[in-house]
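Protein chains in written order, with my numbering: chain F, 271 to 701; chain D, 271 to 701. C-beta: ideal position from N, C-alpha, C; glycine also. Everything numeric in this text was worked out from a predicted model, so none of it was measured. Just below is one structure, and these are the notes that go with it.
Protein chains: 2
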Amino acid sequence: MAAKSFTALTGFRDFTPRDCSLRNYLFETWRTVARTYGFVEYDTPVLEDTGLYLKKSGGELSSQLFRFEDQGGRDVCLRPEVTASLARLAAQHQRDFPKPLKWFEIGQCYRYEKPQKGRGREFYQFNVDILGEAGPQADAELIALAIDTMRAFGFKQEDFMVRVSDRQAWLDFAAEHKIDESRIPDLLQVIDKLERAKPEVSAEKLEELGLDLETVQTFIRNPESASFAYESIRADLEARGLDAYIELDLSIVRGLAYYTGVVFEVFDRSKSMRAVAGGGRYDTLVSTISNGSVDMPATGFAMGDYVIRNFIEETTDPRMQLEVWLQRQAAACDVFLVLADEDKRPEALNILSDLRQAGISCDMTFTGGKVGKQFQRAEQSGARFALVIGSELPELKLKVLACRTEETCHVLGLADWLTDRIQQPDGPLLA
Amino acid sequence: MAAKSFTALTGFRDFTPRDCSLRNYLFETWRTVARTYGFVEYDTPVLEDTGLYLKKSGGELSSQLFRFEDQGGRDVCLRPEVTASLARLAAQHQRDFPKPLKWFEIGQCYRYEKPQKGRGREFYQFNVDILGEAGPQADAELIALAIDTMRAFGFKQEDFMVRVSDRQAWLDFAAEHKIDESRIPDLLQVIDKLERAKPEVSAEKLEELGLDLETVQTFIRNPESASFAYESIRADLEARGLDAYIELDLSIVRGLAYYTGVVFEVFDRSKSMRAVAGGGRYDTLVSTISNGSVDMPATGFAMGDYVIRNFIEETTDPRMQLEVWLQRQAAACDVFLVLADEDKRPEALNILSDLRQAGISCDMTFTGGKVGKQFQRAEQSGARFALVIGSELPELKLKVLACRTEETCHVLGLADWLTDRIQQPDGPLLA
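Okay, here's the thing in C-alpha cells:
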C-alpha cells in the first residue's frame, strides 16, 4: 500500500497563524459589537440529537447533515446551525433569567455541501437572538446591531444595505386574495424564487394559486404594502440615525420554514449582491422544540465567516482596517532578547522571566549563536524592539528594529521602564 | 408516541452565560500567557481523517473515537486530541515559517468515555508546542510556560508542582541492564503503573524482564539517575527563578506511545494529586505522520478545561480571582437607559445609538413602562450606571446603581463625558 499523505478533509480549513488571526479579528469584532449592545455570550454543543434539527427545519437540512450513530446507539449530528440548540437551551433555562434574553453565540457549524468559493463544509456563525420580546423594537435592535457590525468592519452606506420584509404582509395579502392557509407555504416559495426564476415559471405557479404575476409585483413595489411592524422598525431606526441603511423589500421571505414575521437580509450593494447576514422572527420555534411546554417569542440573525471575510477583502476600507489588525497581530512578541554574550544566558533567562511576569510579550532564541542571526530572528518575529544583553550588563541596549535607533537601559527597574517605553512612539522617525 | 423533550447529549455541555464567561476566563488566561511567551495561535479542524489519529496513537484511542463514515464514504472522526493534526499541519506548511515554530491552539476535543466528575465526552484543551528545536531549552520553555499559566490563575508554589522525567534515562537504564530494545515498551508500562499497581504485580512483571523491583525503585530514587536533558532544564529554570516548582520524578513516563524524551506533568499538590497538565517530547511524530517526508523534533504539552476548572474552584486564591472576573463579566452592560418619559423614546434611541457608537456598552428596555420596573431591569443587567432620560432633556441624570448617588449631565458631549466618567471611581462610598 502506498503511504498516504494526510491533508485536512475536503471543505475543512486549517488555520495557520495568519488565518487564525483573521478569524480572531471577525470573532473579536462580533463580540465587541454584541457586548456594546448588552448581549451576553452562550454556547451549545457541536454534537446534538439529530431529532432536534430535523424537528426545527422540517427536514430541509437533513440531506446536508453530518449524521451518524454514536457508540451508544444515539442518532446524532454535527450542528448545521445553532438556533434549534438555542431554543432547547432557552426553554430549559428561561426561568433562571429575566426576559427578554439578549444572547449571542459564535460557533462552528457543519453542512455536507459541495465546497466552492465562499462555502465550505464547516463555517463559523455569529448568532444574535432576542427571546421573550414580541414587539418590533426587538427586530429593530437586531437590525441596528447588524448595521453596526458592518460599520465596525469599516463598511459604509454605499457598501451595503439591509432589506427588510415581513411575512405578515404576505399573510395579509393572502387573506385579501382568499388564498387558502394551506397554500401559503407555496406562495412564499414563489416569492422567495421571484428574483432568480424565469417570469413565466413564476407566473405559472402563481396562476395555480389563483394569482397573476402583475398583482404580486405591484404589491411588492407598493410602499403601502409595508406592515405595521415594518413601519415601527423604520421609525425606530430613524431615531437611531440608521434608517438610511434599510429598505422595504417584500420579495425577501427567506427559505427556512420556521420564520413567522419580520425577516431581513444584509446585502452587499456591489454587483454580486450577496446576502452577508440574515434572520428574522421565529415566534413558534421554542414552543415546537419544547413540545409546547415553553412559549416564547424570538427573533435573531446570523452572519457566517466566509461571505463577510470575502466581502472585507474585496472592499478597500474594510480591507485596510483588517490589514492593520493582521500587521499588529503578526508580531509574535513585542521585545526580542538578543544574547550578545553566551555567558550571560542565565541573566538573560532571568530578564526574560521578569519581563514576561510583568506582562510584556517577549522571546529569545533557544540556542544563542551569532548576533546577526539573532537579529534576523528578531525581525522575523515581528517584534518592535530588540533588547541586547551583553558584557555591559547590568546595562543593556534597546534597539527599535524598524529604524535601528538605540537607547541604553538598566536591569534595575527594567520591566517598569520597558512597559512605559512600549507606550511611547519611536521618536523622530515616526513623529 | 410521547413527545420527546430534547436535552444536550450525555457528556456534552451547554454553556449558559455564566458558564461561557468561566470558559472564556480559561481561554483568555491561556491566550495571554502563551502570547507573553511569544507563541502564536493556530487551529485545525474538529473533524479529521480517522487514519491520522489511528496512526498517531497506535490505536490506543480508537475505542474512544466518535468515528463514522461521511456522505462521501470517508472514514472520519471527531478529533480526540490535536497533536496529530498539528503534526500534519506543521509538515505541510513548515517551509513557510522560520524555525522553531512556537504555536498554541485552544480547541474542543471529543472522546467517547463514561462521563464522570471532571470528565465529559467533549473538553477543551490548551495545546502549546515547539517544533523544530531538539534541545532541552525548548522543554524548559514549555515547563516555564506551564508554571506561569498556573501562576496566572493565582496558584502558588504550595498548590502545585511539575514532575519532570526523561524517557532517555530509562533507555540508558535498559541498555545498562541489557534489556532488549523490543521489551522497552513493556518496561515503560510497568513504570507507568508503578504508583498504582500492587508491588507484587509490578515485581512479577519486572522479573519477566530480568529486573527486580528494588533495582528499579533505587534507580527512581537516585538523583544521579537524572538525564543530561533534565539537568539542563533544571539549570534553565533556576536562571528563571522557577526551579522550586519542579522535581525529578522518573516514575513519570506518560502512557502515550509516541513520547521520545523529556516528559512532565503538572500536579495538584493537595491530597487528590491530579495531573492538571502534561506533555513531553515527541521527536518522531511529524516524520510518522508525513511518512518520513518531514523530520522535525517537537515538544509540547496540553491542559484540559475540566481539571483546571475544578482545581481553581477548590483553591481559595484562584477561586477569588475567578469570582472577580465573573462578577465583572456578569454585567450585560455598563449603562442602562431608563426612560422616564415615554414621549422621549426617539431621543433615547438616539442617545443609545450614539453611546454604543462611542464603544460604551449600554441597553434599555424595549417597552418602557414604569420607571421602578426599568430600574429593576437595570439592576438585573448588572449595569453600574442608570442614565435617566426624562422631560428635563437635554439634561439627564446619571445614577450609580450601587449607591443611588445622582449626577447631572447633558446630551451635548454625552459620549465623551460618560467615557471619562466610567473610568472614575464612584466617589466617597468607594474611596
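Hey, out of the options, whose CA is closest to residue i's CA?
i, options, result
"residue 621 of chain F", "D:451, D:394, D:511 and D:304", "D:511"
"residue 341 of chain F", "D:576, D:554 and D:383", "D:383"
"residue 311 of chain D", "F:338, F:567, F:694 and F:285", "F:285"
"residue 313 of chain D", "D:635, D:359, D:580 and D:613", "D:359"
"residue 665 of chain D", "D:657, D:680 and D:675", "D:680"
"residue 629 of chain F", "D:292, D:396, D:300 and D:277", "D:300"
"residue 578 of chain D", "D:454, D:688, D:367 and D:388", "D:388"
"residue 381 of chain F", "F:304, F:567 and F:352", "F:352"
"residue 296 of chain D", "D:375, D:670 and D:551", "D:375"
"residue 362 of chain F", "F:566, F:619 and F:572", "F:566"
"residue 379 of chain F", "F:396, F:369 and F:373", "F:396"
"residue 410 of chain F", "F:276, F:459, F:283 and F:501", "F:501"
"residue 455 of chain F", "F:551, F:619 and F:530", "F:530"
Flag residue i as yes if its beta-carbon sits less than 7 Å from any beta-carbon of chain D, otherwise no.
i, result
"residue 528 of chain F", "no"
"residue 403 of chain F", "yes"
"residue 674 of chain F", "no"
"residue 602 of chain F", "yes"
"residue 338 of chain F", "yes"
"residue 286 of chain F", "yes"
"residue 278 of chain F", "yes"
"residue 322 of chain F", "yes"
"residue 358 of chain F", "yes"
"residue 619 of chain F", "yes"
"residue 350 of chain F", "no"
"residue 341 of chain F", "yes"
"residue 684 of chain F", "no"
Quick one: does residue i have its CB under 7 Å from some CB of chain B?
i, result
"residue 317 of chain D", "Among the protein chains in the structure shown, which are F and D, there is no chain B."
Rounded to the nearest angstrom, how far is the Cβ of residue i from that of residue j, given a contact under 8 Å?
i, j, result
"residue 601 of chain D", "residue 651 of chain D", "7 Å"
"residue 633 of chain D", "residue 606 of chain D", "6 Å"
"residue 385 of chain F", "residue 281 of chain F", "4 Å"
"residue 434 of chain F", "residue 516 of chain F", "5 Å"
"residue 394 of chain D", "residue 405 of chain D", "Not confirmed; about 30 Å, so no contact."
"residue 524 of chain D", "residue 536 of chain D", "About 12 Å; that fails the 8 Å criterion."
"residue 493 of chain F", "residue 518 of chain F", "6 Å"
"residue 334 of chain F", "residue 350 of chain F", "6 Å"
"residue 317 of chain F", "residue 319 of chain D", "Not a contact, Cβ separation roughly 18 Å."
"residue 539 of chain D", "residue 429 of chain D", "6 Å"
"residue 604 of chain F", "residue 522 of chain F", "Actually they are not in contact, since the Cβ atoms of residue 604 of chain F and residue 522 of chain F sit about 48 Å apart, beyond 8 Å."
"residue 556 of chain D", "residue 401 of chain D", "7 Å"
"residue 457 of chain D", "residue 495 of chain D", "The Cβ separation is near 14 Å, so there is no contact."
"residue 424 of chain D", "residue 591 of chain D", "4 Å"
Between residue i and chain F, is any beta-carbon pair separated by less than 7 Å?
i, result
"residue 598 of chain D", "no"
"residue 699 of chain D", "In this prediction, residue 699 of chain D has a pLDDT of 45, which is less than 50 and means its spatial position is unreliable; what the coordinates show is noted afterwards. No, its Cβ sits nowhere closer than 7 Å to a Cβ of chain F."
"residue 633 of chain D", "yes"
"residue 688 of chain D", "no"
"residue 406 of chain D", "no"
"residue 623 of chain D", "yes"
"residue 580 of chain D", "no"
"residue 693 of chain D", "no"
"residue 511 of chain D", "yes"
"residue 447 of chain D", "no"
"residue 680 of chain D", "no"
"residue 588 of chain D", "no"
"residue 626 of chain D", "yes"
"residue 290 of chain D", "yes"
"residue 571 of chain D", "no"
"residue 282 of chain D", "yes"
Ranges of the alpha helix (DSSP H) found wholly within the stretch 319-402 of chain F, counting only runs of at least 4: 320-327 and 353-363
3-residue-minimum beta strand (DSSP E) runs that sit fully inside the stretch 539-607 of chain D, ordered along the chain: Within the stretch 539-607 of chain D, the beta strand (DSSP E) runs of at least 3 residues that lie entirely inside it are, in chain order, 545-551 and 568-574.
Short-range partners of chain D found in the stretch 302-314 of chain F, where Cβ spacing is below 9 Å: 302, 303, 305, 306, 307, 308, 309, 310, 311, 312, 313 and 314
Residues from the stretch 545-568 of chain D in contact with chain F, defined by Cβ distance under 9 Å: Those residues of the stretch 545-568 of chain D that come within reach of chain F (Cβ to Cβ, closer than 9 Å) are 559, 560, 561, 562 and 563.
Interface residues of the stretch 473-500 of chain D facing chain F [CB-CB below 9 Å]: none
Within 9 Å of chain F by C-beta, residues of the stretch 373-398 of chain D in sequence order: 373, 375, 378, 380, 382, 391 and 392
Inside the stretch 621-654 of chain F only - alpha helix (DSSP H) runs reaching at least 4 residues: 641-651
3-residue-minimum beta strand (DSSP E) runs that sit fully inside the stretch 390-466 of chain F, ordered along the chain: 392-401 and 430-436
Under 8 Å (Cβ pairs) to chain F, residues found in the stretch 632-665 of chain D: 632, 633, 636, 637, 647, 650 and 651
Short-range partners of chain F found in the stretch 417-446 of chain D, where Cβ spacing is below 7 Å: 418
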